[in-house]
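Mapping the sequence shown onto our numbering, position 295 (from 1) lands on 679, and the numbers just tick up by one.
Reviewing the structure listed below.
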Amino acid sequence: MPLIKLGLTVALSASLLSVVTTAPANAAVPPPVCVAHDAPPPWPMAATVSAETESTTIPGGITVASTPSDKLSAIGGRNLVPDVAAAGNYLFNWKYPPYGTAPTTYPNPRGWAVQFAVKGTQNIEFEVYARQKAAWTMSVDGRPTSAVPDTEPAITDGRYLIRYPLPDTGEHRIRFSMNNLSLGRVFADPAAEAEVWPVGGPRVFFLGDSLTQGGAQSTGGEIGSWIWAFAQMCGFDDAWNGGIGGTGSIATGRDGLWADYGTRAATDVAPAAPDLVFITSYYGDRTHPPGEIAAAFTRTIETIRALPSQPAIVVTGTYDPDGRNGSPYTQIDGALAAACASLGVPYIEPRTGLVYDAAGAPLAPAGAAGPWITPDNKGTLIGPDGVHQSDAGQAYTAQRMYDAYRALSAGGV
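This is how it looks when you write it as structure tokens:
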């Protein structure tokens, strides 16, 4: 019997694309439908982590896949390259360095995943090379093995084996997500068989800053970001975390070491050939005049709109981490929402909780209303640094984005 190959899939067909009837003539491609899926409950399975010796810790275990392999679908990046620190391991190299002028000279192992189908085994083990702040998580048939990524036992740079039990020997879809890990072989029981599980649905790229990237205030680095839960809730398997801390439509990070959104639209977004692009957050731009921010977002939108893949575009503003939701956010949102309406691009406004369609008309979110961050909830949702999301904040952001996007997506409410 053939293995299960497809997970949650969203077909990019005319019947599944929303149509915003009030959109102006210059509107871009409407956003793909967010097929409503309840977040699956965790399926608790504790990983066993051991320093690698020669091979697998599974008795009689065999190699069922390895990177690069036609049995593994790699997700969340491009340019799969050898790990110079670990022969036989691979990782992505796609985020661009200062000014976006050339690929990084070192592999960038943050925020990626592999998925495959397997049967005939009750064990699965991954051969990895770990770096500082390594984190990982696995899902089985769409159910995560933990509510947040695993980071324990804390490990230093080196080779490790991460082993999980499976509930039975039946057919299962496995997804293994990694932050600061490269991957070599995948092991299983002697009778196991593995087969590719193709990536389904649209390719979704998130162009943003550290509020999108994920970081020290939540668990798991880039795989702890809200984008993964949001994508799963919408049935979007192929998500790319294009968040880079300190960047914005104008901002270029600490000491100007990174490129702004407009530059990265060409260097990072274009090669990904996405079907849907979220341009998320102007937090790093907030000290600039609202008109300048709106003009910079306009340039970024126009660059992305001209890409050969003709992606749909959705712009998201910024929450106020203090929960006051006043100046300068009010003025920036006003300028940015108007710019998006003139371009026929939907706008999600965390300051108020409002959602604007491609013509600038307000829509009711599918779930909670009102500002995302308030004086009452900021202590729970914002981390100790007073800016970035906590673990609870990442989950909350995913839910608010899901509610907002469903309002833009045909049949989503």
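Glycine included, each C-beta is placed from N, C-alpha and C at the ideal position.
Predicted, not measured: the structure shown is a model, and the values here were computed from it.
Taking the continuous beta strand (DSSP E) assigned at residue i, which residues delimit it?
i, result
"Phe560", "556-572"
"Met617", "Counting along the chain, Met617 falls outside any beta strand (DSSP E), though it belongs to the alpha helix (DSSP H) covering 610-618."
"Gln601", "Taken as a continuous stretch (DSSP letters only), Gln601 belongs to no beta strand (DSSP E), as it is neither H nor E."
"Thr521", "507-524"
"Ala696", "696-700"
"Pro466", "464-466"
"Thr664", "660-664"
"Leu475", "474-476"
Which class does residue i belong to by DSSP, given the choice of helix, strand or coil?
i, result
"Glu579", "strand"
"Glu438", "coil"
"Ile539", "coil"
"Thr447", "strand"
"Gly737", "coil"
"Leu456", "coil"
"Ala623", "strand"
"Pro549", "strand"
"Pro528", "strand"
"Thr687", "helix"
"Ile732", "strand"
"Val433", "strand"
"Pro655", "helix"
"Thr758", "coil"
"Asp706", "coil"
"Ile634", "coil"
"Asp769", "coil"
"Pro746", "strand"
"Pro416", "strand"
Residue i: which of the options sits nearest, CA to CA?
i, options, result
"Ala543", "Ala471, Glu436, Val498, Tyr740", "Checking the displayed sequence, the identity of residue 543 turns out to be Arg instead of Ala. If we check each option's Cα against that of Arg543, Glu436 comes out closest."
"Ile376", "Trp581, Ala600, Asp467, Ser665", "The displayed coordinates of the chain run from 385 to 797. Any statement about residue 376 would go beyond what the structure contains."
"Val448", "Ser434, Ala430, Ile634, Gly504", "Gly504"
"Asp459", "Thr440, Asp621, Arg735, Asp652", "Just to set this straight, residue 459 is Ile in the shown sequence, not Asp. The residue with the shortest Cα to Cα distance from Ile459 is Asp621."
"Asp534", "Arg527, Asp541, Met522, Leu545", "Met522"
"Val699", "Ile688, Gly707, Gly605", "Ile688"
"Cys418", "Ala678, Gly619, Thr540", "Gly619"
"Ser609", "Tyr780, Glu686, Ala690", "Tyr780"
"Leu567", "Thr440, Asp639, Thr636, Phe510", "Phe510"
"Thr432", "Val465, Ile539, Ala745", "Ile539"
"Trp496", "Arg559, Gly526, Ala782, Glu686", "Arg559"
"Pro818", "His672, Ser457, Lys479, Pro452", "The question about residue 818 has no answer here: the residues shown for the chain are numbered 385 through 797."
"His772", "Arg515, Gly605, Arg494", "Gly605"
"Ile685", "Ala725, Gly444, Arg708, Pro712", "Ala725"
Using 8 Å as the threshold, is the C-beta distance between residue i and residue j below it?
i, j, result
"Pro415", "Leu747", "no"
"Gly751", "Asp787", "yes"
"Gly646", "Ala680", "yes"
"Tyr513", "Ala578", "no"
"Leu550", "Asn507", "yes"
"Ile611", "Ala600", "no"
"Leu720", "Gly701", "yes"
"Arg346", "Leu591", "The requested residue 346 is not part of the displayed model; the chain covers only 385 to 797."
"Gly718", "Gly737", "no"
"Ala518", "Asn564", "yes"
"Ile757", "Asp704", "yes"
"Pro426", "Pro528", "yes"
"Phe500", "Ser457", "yes"
"Lys455", "Val580", "yes"
For residue i and residue j, which I take to be in contact (beta-carbon distance under 8 Å), what is that distance rounded to the nearest angstrom?
i, j, result
"Asp644", "Gly627", "In fact, because the Cβ distance is near 14 Å, the residues do not count as touching under 8 Å."
"Val570", "Ser450", "7 Å"
"Ile766", "Ala572", "Contact flag wrong, Cβ pair sits at about 42 Å."
"Pro695", "Pro655", "About 13 Å separates the two Cβ atoms, so there is no contact after all."
"Asn370", "Asn473", "With the chain covering 385 to 797 only, the question about residue 370 has no answer from this structure."
"Val532", "Asp775", "5 Å"
"Ile677", "Val729", "Not quite, the Cβ-Cβ distance comes to about 15 Å (not below 8 Å), so this is no contact."
"Val588", "Ala615", "6 Å"
"Ile446", "Ala576", "7 Å"
"Asp669", "Gly630", "No, Asp669 and Gly630 are not in contact; Cβ-Cβ is about 11 Å, not under 8 Å."
Going by DSSP, what residue range makes up the alpha helix (DSSP H) through residue i?
i, result
"Ser726", "713-727"
"Met785", "775-792"
"Tyr645", "645-648"
"Lys503", "Here Lys503 belongs to no alpha helix (DSSP H); instead the beta strand (DSSP E) covers 496-503."
"Arg670", "It is not in any alpha helix (DSSP H) - Arg670 carries neither H nor E in the DSSP assignment."
"Gly763", "762-765"
"Gly592", "Not the alpha helix (DSSP H): Gly592 falls in the beta strand (DSSP E), residues 587-592."
Any heavy atom of the ligand ADP closer than 7 Å to the Cβ of residue i?
i, result
"Gly763", "In the structure shown, the ligand ADP is absent, as is every other ligand, since no ligand is present at all."
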